[in-house]
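Visitor: Per full-length UniProt numbering, the sequence shown runs over residues 1 to 338. Before I ask anything, let me first share the structure, which is written out below as structure tokens.
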Amino acid sequence: MLFHQSKYRGIIDHYLPLLLHGLAWVAYVSAVYNGNAAGRSFLEFFTRYGPKFVFQGIIFYGNYLYLIPAALARLKIGRYIALNIVLVVVFAVVLSGTRYLHAASGQFSFLQSVWINSLNMTWFLVLSILIRFSTDWFRQKQLEKEKENQQLKTELDFLKAQVNPHFFFNSLNNLYALALKQAPETPETILKISGIMRYMLYETDVAQVPLRQEVDMINTYISLQQLKTKSGHFAPIDVTGEMDAIQIEPLLLLPLIENVFKHGTIPLHIGLKVNHDSIQLTTSNQIRKEAKATPGGIGLSNLKRRLSLLYPDAHRLELRENDGTFTATLILNLPIKK
């Protein structure tokens, strides 16, 4: 899909300027023809105005394609101006001389014709400069935007990649604790970890995933935590609203869920409210008395950075602690995919 999109974009970028230039010339020649073709055949019109169109094209495309880039690359502006003055004057003299040879005696001013033709050629020169600089400016802005997007994608990929080893590290610690106790739930724990790892490795290499798919992974994670502890029952995520049309960046919600089980204890609650234009994830848990900051923790800092890149003006993250209860609320403005 990406290959075909890139291919079609390349074709459009190549042929669209040619089409626009062609249409502009057709419109210009048609306007001149409609204004000066009275009493003349089509052949007579092009016999008289054909050389003028050719010289205008040489002035325009000679500057647009060659002289302007060369002058900017070599910074020889003086030579560029002098060359264009010579071209304008020579073409104006040639056009005026041709017109003079076919004009009736006493009805033609050679100097006036040279002046008018010089202004005409100068107009095409100025037009070529304006279009060339405008085109270069837009191309530069496009390149800067593409570079910025690539840098953004690189950082997002790096941040998303951090989530996987973070989860695996915590899971290995859990498995180690179960193995020491020779707990009977160890095989089921390994199976659930394997399912989450499979999702992380093979399902998240995309910009977005269905929200329902992400919620299923979170519920698997919650059931994994249930196996690890015997203190109470952890309910699956409480979802309100329709999820089917929503897409979300993979693993974006997981850090908040991990934080609940890393630092909290029951009673705890994880709720997801889906509206037509937003989703709201709310987690609350009692803070364990022995809970303390773990050196090297990256979960919440990773989440905050991803949110600032993906939703710079379309998210709100609130973290509150009150009377031993920690509450996190994340609101994302997301359009429902139609």
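Think of the CB as a built atom: it goes at the ideal place given N, C-alpha and C, for glycine as much as any other residue.
In whole angstroms, what is the alpha-carbon distance linking V89 and L310?
Guide: 57 Å
Visitor: For the alpha helix (DSSP H) containing A70, name the first residue and the last one.
Guide: 68-74
Visitor: Do you know whose CA, among R306, S308, L268, L334, lies nearest A328's CA?
Guide: Of the residues R306, S308, L268, L334, the one whose Cα lies closest to the Cα of A328 is L268.
Visitor: Give a yes or no on whether the C-beta atoms belonging to V209 and M243 are separated by under 8 Å.
Guide: Cβ distance not < 8 Å, so V209 and M243 don't count as in contact.
Visitor: For T283, does the count of other Cβ atoms within 10 angstroms reach 16, so buried, or fall short, so exposed?
Guide: Looking at its Cβ environment, which holds 16 or more other Cβ atoms inside 10 Å, T283 is buried.
Visitor: Check whether the region 53-62 and the region 116-127 are in contact - that is, three or more C-beta pairs closer than 8 Å.
Guide: Judged by Cβ distances under 8 Å, the region 53-62 makes contact with the region 116-127, as three or more pairs qualify.
Visitor: May I have the straight-line CA-CA distance separating I68 from R79, to the nearest angstrom?
Guide: 11 Å
Visitor: Measuring straight from C-alpha to C-alpha, what distance separates L18 and F53?
Guide: Cα-Cα distance, rounded: 17 Å.
Visitor: Would L191 and E185 qualify as a contact pair, given that the criterion is a beta-carbon distance under 8 Å?
Guide: no
Visitor: Answer with buried or exposed for R74, where buried requires no fewer than 16 other C-beta atoms within 10 angstroms of its C-beta.
Guide: An exposed status is given to R74, since fewer than 16 other beta-carbon atoms sit within 10 Å of its beta-carbon.
Visitor: Could you pull out every residue in the same chain whose Cβ sits closer than 8 Å to the Cβ of L130, ignoring the five residues on either side in sequence?
Guide: When the five nearest sequence neighbours on each side are left out, no beta carbon in the same chain lies closer than 8 Å to the beta carbon of L130.
Visitor: Can you tell me the Cβ-Cβ gap for N259 and G299, rounded? I've got them flagged as a contact below 8 Å.
Guide: 6 Å
Visitor: Should the region 250-259 be regarded as contacting the region 193-213, the criterion being three or more beta carbon pairs within less than 8 Å?
Guide: yes
Visitor: Drop a sphere of 10 angstroms on the beta-carbon of P312, count the other beta-carbons inside from all chains shown, and report buried for 16 or more, exposed for fewer.
Guide: exposed
Visitor: Return the bridge partner residues of P210 from the DSSP annotation.
Guide: Q247
Visitor: Take R320 and list the residues in its own chain whose beta-carbon comes closer than 7 Å to its own, dropping the five residues that flank it on each side.
Guide: Once the five neighbours on either side are set aside, the close Cβ partners of R320 are T327.
Visitor: Does the beta-carbon distance from residue 344 to S109 come in below 8 Å?
Guide: This structure gives no information on residue 344, because the portion of the chain shown stretches from 1 to 338.
Visitor: State the Cα-Cα distance for the pair L330 and W137, rounded to the nearest angstrom.
Guide: 40 Å
Visitor: What runs of the alpha helix (DSSP H), each 4 residues or longer, lie entirely inside the region 75-139?
Guide: Counting whole runs of 4 or more residues, the region 75-139 contains the alpha helix (DSSP H) stretches 77-102.
Visitor: Hey, would you say Y64 sits closer than 8 Å to R132, going by beta carbons?
Guide: yes
Visitor: Please classify S30: is it buried, with 16 or more other beta-carbons within 10 angstroms of its beta-carbon, or exposed?
Guide: With fewer than 16 other Cβ atoms within 10 Å, it is exposed.
Visitor: DSSP on S284, reduced to helix/strand/coil?
Guide: Correct three-state label for S284: strand.
Visitor: Is L2 buried or exposed, if buried means 16 or more other CB atoms sit within 10 Å of its CB?
Guide: The pLDDT assigned to L2 is 38, lower than 50, so where the model puts this residue is not dependable, and the model offers no usable value.
Visitor: If you follow the beta strand (DSSP E) that I331 is in, where does it begin and where does it stop?
Guide: Counting along the chain, the beta strand (DSSP E) containing I331 begins and ends at 325-333.
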